[in-house]
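**Q** Before I ask anything, let me first share the structure, which is written out below as structure tokens.
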Amino acid sequence: MKRAVPSLASSFLLIIKNNREIHVLGKFDRLKSVSLLYVEDSKFLAKTTIGAIEKIFNKIYVAHDGQEGLELFSKHENEIDIIITDLIMPFLDGTSMIKKIRDSGSSVPIIVTTGFDDFLQREKIAELSIEAYLSKPINIYKLLKIINKTVESLFIERELMAKKMMIDNDIIYTETNETGVITYVSKPFEKISGYKKDELVGRTHAILKDALTPKTLYEDMWSNLKALKQWHGELTNRRKDGSAYTISIIISPMYFRDRLIGYSSTSIDVTQLRATSQKLQLKSKQAAMGEMIAMIAHQWRQPITSIGMIANNLQFDMLMDELDKDSLQKNLKTIDKHVKYLSSTIDVFRNFLKENKKKEKISMKSTIEDLLMLVNTEHSQKDIAFEIVNECEDFELNIFKDELLQAIVNVVTNSKEALIENRVDEAKIKIHCNEDAEAVYIHISDNAGGIKDDILPKIFTPYFSTKSKKNGTGLGLYMTKTIVEENLDGELSVVNKDDGAIFSIKLPK
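In structure tokens, the structure reads:
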């Protein structure tokens, strides 16, 4: 008694042959998308085999001789995934058919079935790159296992080919051997570097090296790679024409059978991003200079006015012949005091603006004092009370002082403008500095009413401003966050509390 073949929903296939149940283990879901070309001159054997397997596959094309098989393959080459063929057939035998298929350039997997187990025949067929060789009568279980394994390899090969095509066409990618000699480059890598593949293969990446890249960066990279670790960083390279480009790159060790065989690199071109960032920094610097020029004017107005008044009084006393030595010395001392104050103000602003990329040990007390000199006069003129709570007075921090000062000034200026724009009575800005075992915290708070909930997540976004168009560039807080987090290795955050906002700068010790 024969049972029907179960539905494809089943994980198993049950085939009854000669009243014996063959239990074929394994899932065959992947075969549902596979199409076969079955070439067999025995119509009875073809019908029997197809009856056992037809529901498993997407489609089975049937031919009864090599010539018919070749014609079907030529017509449906893009649809046929595997060929199963007999060897001894009329008109055109299986061996000749396979040779013609291989001569056409096709690498389609081929499984050979034959009733003649001839060693020389097998040797001849093997030269034509067949997948497997099955003797008749066909064991369906073995046939399905071979097909399943072949399809698995086919799917893996197709996935690899798809990934290779994607890498070759869309990704900046290279491979090297274990000594760093380039063995493969993708087309996007050729495009970004300006070199052709044959100009790069056999060379090292030193051909792209930029002289300004620190030696320590390469030392760190190779230290990681020799320890079989992945390395991630930014590199500035030189194109063939000498122009520079910057990439964010990940380099990983490659293995074959647990043995290191080389390294692969995947990159993203960040040249435009860095250029944009530099433009933003320039705009921010220009905006900061404008702010500071205004502050200098405010800082100098009072002492210059005082010096002018003293000069007028001295001139009047001279005209009235009432100038005495004691009064002259007193007034000259006052002028000298104001001049020294003006000079110290210039020093603070000059140090703030100059390009100083050397870290220095700073006292939080002196930093806060410099900040007061920068902003206190302007704030008092705007009727803004300024409070300092410094619990870090005796603590020293190794940092870029000028950039820290710029970050604090930007936040304080933002609070000042919010207070003025909202016309807050009894306006107040508070700076609170404290520390713990891991970090220093600078909290800058105001009573300007806080930041709207829908605006709060966007507050550090470039070109987003809550100010009026004439006053806001939308760069101040974005660049402040960039300074704190990229240049100072810290964190900048903001929350609403009570009647205002609190900006917090966290700096690691």
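Per this note's numbering, residue 1 is the first one in the sequence shown, and the count goes up by one each step. The beta carbon of each residue, even a glycine, is placed where N, CA and C say it ideally should be.
#1: Can you tell me whether DSSP reads GLU438 as helix, strand or coil?
#2: Look up GLU68 in the DSSP assignment and give the residues it is bridged to.
#3: Which residues mark the beginning and the end of the alpha helix (DSSP H) in which PHE386 is found?
#4: Can you tell me whether DSSP reads ALA501 as helix, strand or coil?
#5: Check the DSSP bridge columns for VAL181 and list the partner residues they point to.
#6: Measure the C-alpha to C-alpha separation of VAL424 and ALA448 and round it to an integer number of angstroms.
#7: Under the rule that 16 or more other beta-carbon atoms within 10 Å means buried, what is PHE256, buried or exposed?
#8: Count the other CB atoms, across all protein chains shown, that sit within 10 Å of the CB of PHE316; report buried if there are 16 or more and exposed otherwise.
#9: Less than 8 Å between the beta carbons of LEU37 and ILE98, yes or no?
#10: Should SER415 go down as buried or exposed, given a rule of 16 or more other Cβ atoms within 10 Å for buried?
#11: Nearest CA to the CA of THR85: which residue from SER363, ALA46 and LEU273?
#12: By the DSSP assignment, the alpha helix (DSSP H) with TYR218 in it spans what residues?
#13: Once DSSP output is grouped into helix, strand and coil, what is the label at LEU342?
#14: Over what stretch of residues does the alpha helix (DSSP H) that includes ASP402 continue unbroken?
#15: Using the Cβ count rule (16 or more neighbours within 10 Å means buried), how would you classify LEU200?
#16: What is the residue span of the alpha helix (DSSP H) that PRO188 lies within?
#17: Given a cut-off of 8 Å on the beta-carbon distance, is the pair LEU488 and LYS481 in contact?
#18: Between which two residues does the alpha helix (DSSP H) harbouring LYS361 extend?
#19: Beta carbon of THR216, beta carbon of GLY180: below 8 Å?
#20: How many whole angstroms separate the CB atoms of PRO188 and LEU154, which I take to be in contact at a CB cut-off of 8 Å?
#21: Can the beta-carbon of ILE144 be found closer than 8 Å to that of ILE261?
#22: For GLU21, which of helix, strand or coil comes out of DSSP?
#23: Find out if the Cβ-Cβ distance for the pair GLY194, LYS240 is shorter than 8 Å.
#24: Would you call the segment 217-233 and the segment 132-143 in contact, with 3 or more CB pairs under 8 Å?
#25: Bridge partners for ASN58 per DSSP, in chain order?
#26: When DSSP builds the beta bridges, which residues end up paired with SER135?
#27: Does the distance from the CB of LEU397 to the CB of MET364 come in under 8 Å?
#28: Taking all protein chains shown into account, do 16 or more other C-beta atoms lie within 10 angstroms of the C-beta of ASN237, making it buried, or fewer, making it exposed?
**A** Answer, in terms of the structure:
#1: The answer is coil: DSSP assigns GLU438 none of H, G, I, E or B.
#2: DSSP output for GLU68 lists no bridge partner at all.
#3: PHE386: not part of any alpha helix (DSSP H); member of the beta strand (DSSP E) spanning 384-390, first to last residue.
#4: The three-state reading of DSSP puts ALA501 in strand, counting E and B together.
#5: In the DSSP secondary-structure assignment, VAL181 is bridged to THR204.
#6: If I take the Cα positions, the gap works out to 6 Å.
#7: The residue in question, PHE256, is exposed, as its Cβ has fewer than 16 Cβ neighbours within 10 Å.
#8: Flag for PHE316 reads exposed.
#9: No; because the gap between Cβ atoms is not below 8 Å, this pair is not in contact.
#10: With 16 or more Cβ atoms within 10 Å of its Cβ, SER415 is classed as buried.
#11: Of the listed residues, the one whose Cα sits closest to THR85 is ALA46.
#12: DSSP places TYR218 inside the alpha helix (DSSP H), whose first and last residues are 215-226.
#13: LEU342 falls in the helix class under three-state DSSP.
#14: Bounds of the alpha helix (DSSP H) holding ASP402 are 401-421.
#15: Burial call: buried.
#16: Here the alpha helix (DSSP H) through PRO188 covers 187-193.
#17: Not a contact, by the Cβ cut-off of 8 Å.
#18: Bounds of any alpha helix (DSSP H) do not take in LYS361; it lies within the beta strand (DSSP E) bounded by 360-363.
#19: Against a cut-off of 8 Å, the Cβ pair of GLY180 and THR216 comes out as no contact.
#20: The Cβ separation is near 28 Å, so there is no contact.
#21: In the sequence as presented, Ile is not what sits at residue 144; that position holds Leu. Not in contact: LEU144 and ILE261 (Cβ atoms no closer than 8 Å).
#22: Because the pLDDT of GLU21 is 35, which lies under 50, any placement of that residue in the model is unreliable, and the number read from its coordinates should be weighed accordingly. DSSP, reduced to helix, strand and coil, places GLU21 within a strand of the structure shown.
#23: A Cβ-Cβ contact shorter than 8 Å links GLY194 with LYS240.
#24: Verdict: no, contact absent.
#25: Paired residue(s): none; ASN58 is not in a bridge.
#26: DSSP lists THR114 as the beta-bridge partner residues of SER135.
#27: The beta carbons of LEU397 and MET364 sit closer together than 8 Å.
#28: The residue in question, ASN237, is buried, as its Cβ has 16 or more Cβ neighbours within 10 Å.
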